[in-house]
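Visitor:
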Amino acid sequence: MPAPNPFALATVVFFVCLIAAPLIWFPFDVESCWLPWSRASEGVAPWRIYSTRADCNYPPFVLVLLTIQEAVRRLLHAQETGVLSIILTKWPNITAHLAGALAGYTLLRGNYGETYARRFALLYALSLPLFVNAALWGQADALLALPMVCAVIFSMRGTPIPAGIALGIALTIKLQAIVIAPVLLLYVGKRFGWKPLVQATAAGLAVMLAISLPFLLAGTGESMLKAYTGAADYYPLRTLNTFNIWSYLNHVDEYVRHLPSEMVNKDDRLALGPMTYRDVSVSLFGVALSFLLVALWRRTTAQMLAWTSALSVWAFVTLCTQMHERYWVPGAALFLLVAPESWFALGIALLTGLTAAWNQWLVLVSNFMQYHRVPAWVKWSLDMGWAPSLTYVSLLNVLLLSVGLGFVGWLAMRPIEETNFAIAESVADPDT
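All letters in the sequence shown, in the order written, are residues 14 to 445 by the working numbering.
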């Protein structure tokens, strides 16, 4: 695999993203959320977004970035809904996409070698799901992926406190970051002991408090809290256009079992005895997460941490109801940590990236073309791709999860000296 200079590559991809940014975006997210929310801050006070926009349901760090972009827009005297405003809306996510490549390269090279680090940077910079999410869609999942990936890398390097800080930042972007917390806590606690674990946890909570403090002092703490407590059951549906196990079962229920279409996608209907489909989905995820934790406990290595972190996110989106198609992105990004270790790992990373990008692309196009004209080939991709993806891509995502779980189960049973992977099993002293 070629390993070009990461900084030169990131520069090229950055300009490609800037060129693509004004061509397409998700109308609701950009036009009805980001732009009016940023204007509500007046470029100086992110907490005003909570106090003046009842529809704002994002944690505080995102609002800080929206305030900065509004300040820049006013400084440049740009139109409120013009091309420059759209580019400014996407700028933090594009920057986070490429910062992930450079941060990974910088942090990995010391422990895992120049070639390994460059290959990770190459894959991250050219990641299709990150590109679609940041440069095309204009969402914050690429932004979320950056601190999540950094939290895992810091833990792999044996530096729990920076890992805790990174996870704390991630949790002020989206609550979804909590999905990797169990494997990180287990790894740090078992590998380094309770003291570094407490220090890392305290560091994470401290950075969350620091970011949240201006909002608390401004009296918008309750609205900020709703961004977390209201995350579940906001849409009580089995899937929100996500090609996961529930997308496939929706197809079965509607076209094989011939259930009424209006009830097929509801996740609050009974599934097994008193359990709703939401209950079943959470139980399935709990089983998968427990399996990953047992595997990590048996084999507490940096390699296993990388695999279990990625699979935690993939299992969450594959098995749980109420999932948006964008939630694949952090999982696809985390799989890139193991991609350079073997052809098998590279195949898993590429396939998860392709399905994550494809799922986002179809949903993005289907919404954008309702308000804007698109080239014929874009419409063709939607017409030809949507129906097969509901079944085949959904099953592929379930298969990828199954293969990944099987692999970590096999890996957990192997003595460490019998493996031959590129990720080094030595971890730096946590005090260095």
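Think of the CB as a built atom: it goes at the ideal place given N, C-alpha and C, for glycine as much as any other residue.
#1: Between the C-alpha atoms of V416 and L350, what's the straight-line distance to the nearest angstrom?
#2: Would you mind giving the Cβ-Cβ distance between W50 and A231, rounded to the nearest angstrom? I have them listed as a contact below 8 Å.
#3: Identify the continuous alpha helix (DSSP H) that holds A284 and give its terminal residues.
#4: Since I believe L101 is in contact with A346 (beta carbons under 8 Å), could you give me their beta-carbon distance rounded to a whole number of angstroms?
#5: Please report how far the alpha carbon of A219 lies from the alpha carbon of P173, in whole angstroms.
#6: Roughly how many angstroms separate the alpha carbons of P443 and G206, rounded to a whole number?
#7: Out of curiosity, what's the CA-to-CA distance linking I62 and N146?
#8: Within this structure, are the beta carbons of A328 and F348 separated by less than 8 Å?
#9: Under a Cβ-count criterion, where at least 16 other Cβ atoms within 10 Å of its own Cβ denotes burial, should L89 be classed as buried or exposed?
#10: For I224, is the classification buried or exposed, using 16 other Cβ atoms within 10 angstroms of its Cβ as the cut-off for buried?
#11: So for T289, helix, strand or coil by DSSP?
#12: Give me the Cα-Cα distance between F20 and L115, rounded to the nearest whole angstrom.
#13: Count the other CB atoms within 10 Å of the CB of G243; is the residue buried (16 or more) or exposed (fewer)?
#14: Rounded to the nearest angstrom, what separates P35 and A148 at their Cα positions?
#15: Quick one: using the 10 Å Cβ neighbour count with 16 as the cut-off for buried, is W356 buried or exposed?
#16: Taking its Cβ as the centre, do 16 or more other Cβ atoms sit within 10 Å of Q316, making it buried, or is it exposed?
#17: Return the chain-ordered list of same chain residues with a C-beta closer than 6 Å to the C-beta of A358, the five sequence neighbours on each side being excluded.
#18: Could you give the C-beta distance for N380 and E338, rounded to a whole number, given that I count them as a contact under 8 Å?
#19: What separation, rounded to the nearest whole angstrom, lies between the Cα atoms of T260 and A301?
#20: For D280, count neighbouring Cβ atoms within 10 angstroms of its own Cβ and tell me buried if that reaches 16, exposed if not.
#21: Can you say whether A190 is buried or exposed, counting buried as having 16 or more other CB atoms within 10 angstroms of its CB?
#22: Is it a yes or a no for the region 159-170 touching the region 385-395, going by three-plus beta-carbon pairs under 8 Å?
#23: Just list the residues that DSSP pairs L253 with in beta bridges.
#24: Do you know offhand how far I32's Cα is from I107's?
#25: Pull up the CB-CB distance for V43 and I81, whole angstroms please, since I reckon it's below 8 Å.
#26: Skipping 5 residues on each side, what residues in its chain have a beta carbon closer than 8 Å to that of F133?
#27: Per DSSP, K279 forms a beta bridge with which residues?
#28: For the alpha helix (DSSP H) that V391 lies in, which residues bound it at each end?
#29: Mapping DSSP to helix, strand and coil, what is S140?
#30: Using three-state DSSP, classify M169 as helix, strand or coil.
#31: What's the gap between the Cα of G296 and the Cα of V342?
#32: Looking only at its own chain, which residues have a Cβ that is under 8 Å from the Cβ of L253, when we skip the five neighbours before and after it?
#33: So I193 and T314 are in contact, right, with Cβ under 8 Å, and what is the actual spacing, rounded?
#34: Quick one: Cα of V201 to Cα of G95, how far?
#35: If you run the structure through DSSP and keep just helix, strand and coil, what is M382?
#36: Tell me which residue opens and which closes the alpha helix (DSSP H) that K103 is part of.
Guide: Quick look at the numbers:
#1: Counting from one through the sequence shown, the residue named residue 416 turns up at place 403. Counting from one through the sequence shown, the residue named residue 350 turns up at place 337. If you take the alpha carbons of V416 and L350, they lie about 17 Å apart.
#2: By one-based count along the sequence shown, residue 50 stands at place 37. By one-based count along the sequence shown, residue 231 stands at place 218. The pair is not a contact, with the Cβ atoms about 16 Å apart (cut-off 8 Å).
#3: By one-based count along the sequence shown, residue 284 stands at place 271. A284 -> not in any alpha helix (DSSP H); beta strand (DSSP E) instead, spanning L283 to L285.
#4: Looking up residue 346 in the sequence shown gives position 333. Looking up residue 101 in the sequence shown gives position 88. Going by Cβ atoms, the distance from A346 to L101 rounds to 23 Å, so no, they are not a contact pair.
#5: To locate residue 219, count along the sequence shown from 1; it is residue 206. To locate residue 173, count along the sequence shown from 1; it is residue 160. The straight-line gap from Cα to Cα measures roughly 14 Å.
#6: Numbered from 1 along the sequence shown, position 430 holds the residue referred to as residue 443. Numbered from 1 along the sequence shown, position 193 holds the residue referred to as residue 206. Since pLDDT at P443 reaches only 39, below the 50 mark, its modelled position is unreliable, and the value read off the structure follows with that caveat. Near 10 Å, if we compare the C-alpha coordinates of G206 and P443.
#7: Start at 1 with the first residue of the sequence shown, and residue 62 comes out as number 49. Start at 1 with the first residue of the sequence shown, and residue 146 comes out as number 133. Each residue's Cα considered, the two are about 23 Å apart.
#8: As a first step, residue 328 must be located in the sequence shown, where it is residue number 315. As a first step, residue 348 must be located in the sequence shown, where it is residue number 335. In this structure, F348 does not lie closer than 8 Å to A328 by Cβ.
#9: Your numbering for residue 89 matches position 76 in the sequence shown. Under the 10 Å beta carbon count, L89 is surrounded by fewer than 16 other beta carbons and is classified as exposed.
#10: Along the sequence shown, read from residue 1 onward, the residue named residue 224 stands at position 211. With 16 or more other Cβ atoms within 10 Å, it is buried.
#11: As a working note, residue 289 is residue 276 in the sequence shown. Strand, per DSSP.
#12: As a working mapping, residue 20 is identified with position 7 in the sequence shown. As a working mapping, residue 115 is identified with position 102 in the sequence shown. If you take the alpha carbons of F20 and L115, they lie about 7 Å apart.
#13: What you label residue 243 is simply residue 230 of the sequence shown in a count that begins at 1. The residue in question, G243, is exposed, as its Cβ has fewer than 16 Cβ neighbours within 10 Å.
#14: Residue 35 sits at position 22 when you count from the first residue of the sequence shown. Residue 148 sits at position 135 when you count from the first residue of the sequence shown. For P35 and A148, the distance between alpha carbons rounds to 9 Å.
#15: The residue you call residue 356 lines up with position 343 of the sequence shown. W356 comes out exposed.
#16: Residue mapping note: residue 316 aligns to position 303 of the sequence shown, counting from 1. Classification for Q316: buried.
#17: Translated into the one-based positions of the sequence shown, residue 358 becomes position 345. Within the same chain, A358 has close Cβ partners V351 and A352.
#18: Numbered from its first residue, the sequence shown carries residue 380 at position 367. Numbered from its first residue, the sequence shown carries residue 338 at position 325. In fact, because the Cβ distance is near 11 Å, the residues do not count as touching under 8 Å.
#19: By 1-based counting over the sequence shown, the position of residue 260 is 247. By 1-based counting over the sequence shown, the position of residue 301 is 288. At residue 260 the sequence reads Ser, which differs from the Thr that was named. Their backbone Cα atoms lie some 19 Å apart in a straight line.
#20: For this step, residue 280 is matched to residue 267 along the sequence shown. With 16 or more other Cβ atoms within 10 Å, it is buried.
#21: For the purposes of this step, residue 190 is taken as the residue at position 177 of the sequence shown. Its Cβ being crowded by 16 or more others within 10 Å, A190 is buried.
#22: no
#23: Within the sequence shown, residue 253 is the residue found at index 240, counting from 1. L253 pairs with H337.
#24: Within the sequence shown, numbered from 1, the residue matching residue 32 stands at position 19. Within the sequence shown, numbered from 1, the residue matching residue 107 stands at position 94. When rounded, the distance between both Cα atoms is 11 Å.
#25: Working through the sequence shown from its first residue, we reach residue 43 at position 30. Working through the sequence shown from its first residue, we reach residue 81 at position 68. Actually they do not touch by this definition, with Cβ atoms about 17 Å apart.
#26: Within the sequence shown, numbered from 1, the residue matching residue 133 stands at position 120. A114, G117, Y118, L121, L349, L350, A352 and P353, listed in sequence order.
#27: Residue 279 sits at position 266 when you count from the first residue of the sequence shown. Note: K279 sits in a beta bridge opposite L250.
#28: Numbered from its first residue, the sequence shown carries residue 391 at position 378. A389 to P401 is the extent of the alpha helix (DSSP H) around V391.
#29: The residue labelled residue 140 in the question sits at position 127 within the sequence shown. If DSSP states are grouped into helix, strand and coil, S140 belongs with coil.
#30: Working through the sequence shown from its first residue, we reach residue 169 at position 156. Helix.
#31: As a first step, residue 296 is located in the sequence shown; it is residue number 283 there, counting from the start. As a first step, residue 342 is located in the sequence shown; it is residue number 329 there, counting from the start. According to the sequence provided, residue 296 is Ser. The question's Gly does not apply to it. When rounded, the separation of the alpha-carbon atoms in S296 and V342 is 23 Å.
#32: Position 240 of the sequence shown, counted from the start, is the residue given in the question as residue 253. Closer than 8 Å at Cβ, skipping near neighbours: Q335, M336, H337 and E338.
#33: Counting from one through the sequence shown, the residue named residue 193 turns up at place 180. Counting from one through the sequence shown, the residue named residue 314 turns up at place 301. With a Cβ gap of about 16 Å, I193 and T314 do not count as contacting.
#34: Position 188 of the sequence shown, counted from the start, is the residue given in the question as residue 201. Position 82 of the sequence shown, counted from the start, is the residue given in the question as residue 95. Rounded to whole angstroms, V201 to G95 spans 47 Å at the Cα level.
#35: In the sequence shown, counting from the first residue as 1, residue 382 sits at position 369. Note: M382 maps to coil in three-state DSSP.
#36: Translated into the one-based positions of the sequence shown, residue 103 becomes position 90. It spans V96 to Y125 - the alpha helix (DSSP H) in which K103 sits, taken as one unbroken run.
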